[in-house]
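J.: Sequential numbering from 0 applies to the sequence shown in numbering that gives the first Met the number 0.
All C-beta atoms, glycine included, are put in the ideal place defined by N, C-alpha and C.
Since this is a predicted model, take the numbers as computed values, not measurements.
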Amino acid sequence: MKPAPFDYVVPGTLDEAVGYLADEDIESHVLAGGQSLVPAMNMRMARPELLVDLGKLDELDFIREDNGSLVVGAMTTKRSMEFSPIVASSQPLVHAATLMIAHPQIRNRGTVGGSVAHADPAAEYPAVAMLLDAEIKAQGPGGERTISSSDFFITYFTTALEEGEILTEVRFPPATPNTGWSFKEFSRRHGDFALAGVGVTLNLDASGHCENTRVVAFALGATPIRARALEAAINGETPSEALFAAASKTVAEGLEDPTSDVHASVEYRRELASVLGARALGEAVERARASQ
0 MKPAPFDYVV
10 PGTLDEAVGY
20 LADEDIESHV
30 LAGGQSLVPA
40 MNMRMARPEL
50 LVDLGKLDEL
60 DFIREDNGSL
70 VVGAMTTKRS
80 MEFSPIVASS
90 QPLVHAATLM
100 IAHPQIRNRG
110 TVGGSVAHAD
120 PAAEYPAVAM
130 LLDAEIKAQG
140 PGGERTISSS
150 DFFITYFTTA
160 LEEGEILTEV
170 RFPPATPNTG
180 WSFKEFSRRH
190 GDFALAGVGV
200 TLNLDASGHC
210 ENTRVVAFAL
220 GATPIRARAL
230 EAAINGETPS
240 EALFAAASKT
250 VAEGLEDPTS
260 DVHASVEYRR
270 ELASVLGARA
280 LGEAVERARA
290 SQ
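#1: Quick one: using the 10 Å Cβ neighbour count with 16 as the cut-off for buried, is D60 buried or exposed?
#2: Mapping DSSP to helix, strand and coil, what is S68?
#3: By the DSSP assignment, the beta strand (DSSP E) with E134 in it spans what residues?
#4: Around the Cβ of M40, are there at least 16 other Cβ atoms within 10 angstroms (buried) or fewer (exposed)?
#5: Rounded C-beta distance between V250 and A277? I'm assuming under 8 Å.
#6: Between the alpha carbons of M0 and M44, how many angstroms are there, rounded?
#7: Does the distance from the CB of G220 to the CB of T258 come in under 8 Å?
#8: Take G235 and list the residues in its own chain whose beta-carbon comes closer than 8 Å to its own, dropping the five residues that flank it on each side.
#9: Taking a contact to mean a Cβ-Cβ separation below 8 Å, would you say S264 touches K248 in this structure?
#10: In the DSSP assignment, find the unbroken beta strand (DSSP E) run with Y292 in it and report its ends.
#11: For L254 and P4, what's the separation of their Cα atoms in angstroms?
#12: Closer than 8 Å is the cut-off here; do at least three beta carbon pairs connect the segment 75-93 with the segment 115-122?
#13: Alpha carbon to alpha carbon, how far is T237 from D191?
#14: Which class does E143 belong to by DSSP, given the choice of helix, strand or coil?
#15: Please name the residue in T12, V111 and T175 whose C-alpha comes closest to that of L131.
#16: Just the Cα atoms here: how many angstroms apart are A231 and G11?
#17: Closer than 8 Å by C-beta to A287: which residues in its own chain qualify, once you throw out the five before and the five after it? Chain order, please.
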C-alpha cells in the first residue's frame with residue numbers, strides 16, 4: 000500500500016502553517032503524529048495534495064498548569080502525557096486514560112491534538128475532553144478561537160474546525176475538590192480500540208448522596224455521548240450497586256443506534272455499556288469517599 004503523490008512542507012511557525020492551509024484550491028492535510036493519517040493515506044482513504052507537517056512547531060509542544068487548569072499543546076505526545084507529573088497530579092483521570100491508548104510505540108508518536116482533531120469515536124482523548132468539559136483552541140486565517148468540547152465533535156471523524164484551522168491546545172478545567180472519577184473501556188485485545196467505554200466524574204454531598212454526576216460513553220456512536228439520562232437518575236440518590244446497575248442498564252438499552260460492525264453487535268455494545276457504566280459509577284463513588 001502506497002499513498003497517492005503529494006507535496007510536503009515543514010513550516011517553522013504556526014502562522015506559516017496556517018498560511019499553507021489558506022489556499023482553498025489545494026486539498027491540504029495537517030500531519031501531527033501521523034498515527035491515523037498515514038495509514039489512511041497508505042490505503043488511499045485520504046489523498047491530500049499537500050501535507051503540512053507540524054513536527055517543527057515546538058510552540059505547540061507543552062504541558063502546563065494555568066490557574067489550576069491543565070493546558071496541553073496540540074503537538075504534545077501521548078508518551079509525554081504518560082510520564083508528566085503535572086498530568087498525573089492535576090488530572091489523574093487524563094493520566095489513567097492515556098495509559099489505555101494503544102501501545103508505547105503509538106504513544107511515542109501520536110499527539111493529543113491529533114487524536115482530538117481526528118475525532119475517532121472509539122478514541123480516549125475525545126471522550127476525556129467531553130467528560131471534563133475541556134476547551135479546545137484553534138488558529139486559522141480568521142485568528143484564534145476557543146471551542147467547547149460539547150460543540151467540537153460533530154460526527155464520525157468530523158469536528159467544528161473550519162477550513163484552514165489548526166487545533167493548537169486543549170485546556171482541561173481544574174478538578175474540583177473531593178471529585179470521584181473513573182474511566183473504563185473494553186477491547187478484545189490490549190491496545191485495540193475500545194468496543195465500548197464509559198467515563199464518570201461525580202461528587203458526594205454532606206449526606207452521602209451523588210451530585211454533579213457527569214457520564215460520557217464512547218465507541219458507541221458517531222461521537223462521545225453525554226449520558227444525561229443516567230446522570231439525572233444518579234444525582235440526589237444514595238449510591239448502591241443495585242442503583243448503578245439498574246440505571247446503567249436502562250440507559251444502555253435506550254442508546255440510539257449504537258455502532259454495529261464486524262467487531263461487535265449492537266446488543267453486545269449495549270451490554271458492555273451497561274456493565275462498564277455500573278462499574279465506573281461504583282469506582283467513582285469509592286474515590287469520592289476516599290477524598291473526603
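T.: With the structure as the only source:
#1: buried
#2: strand
#3: E134 to G139
#4: buried
#5: Rounded, the Cβ-Cβ distance is 10 Å, inconsistent with contact.
#6: 11 Å
#7: yes
#8: H208, C209 and E210
#9: no
#10: This structure does not reach residue 292, given that the chain is present from 0 up to 291, and the question cannot be answered.
#11: 42 Å
#12: no
#13: 36 Å
#14: strand
#15: T175
#16: 48 Å
#17: N177, T178, G179, L201, N202 and L203
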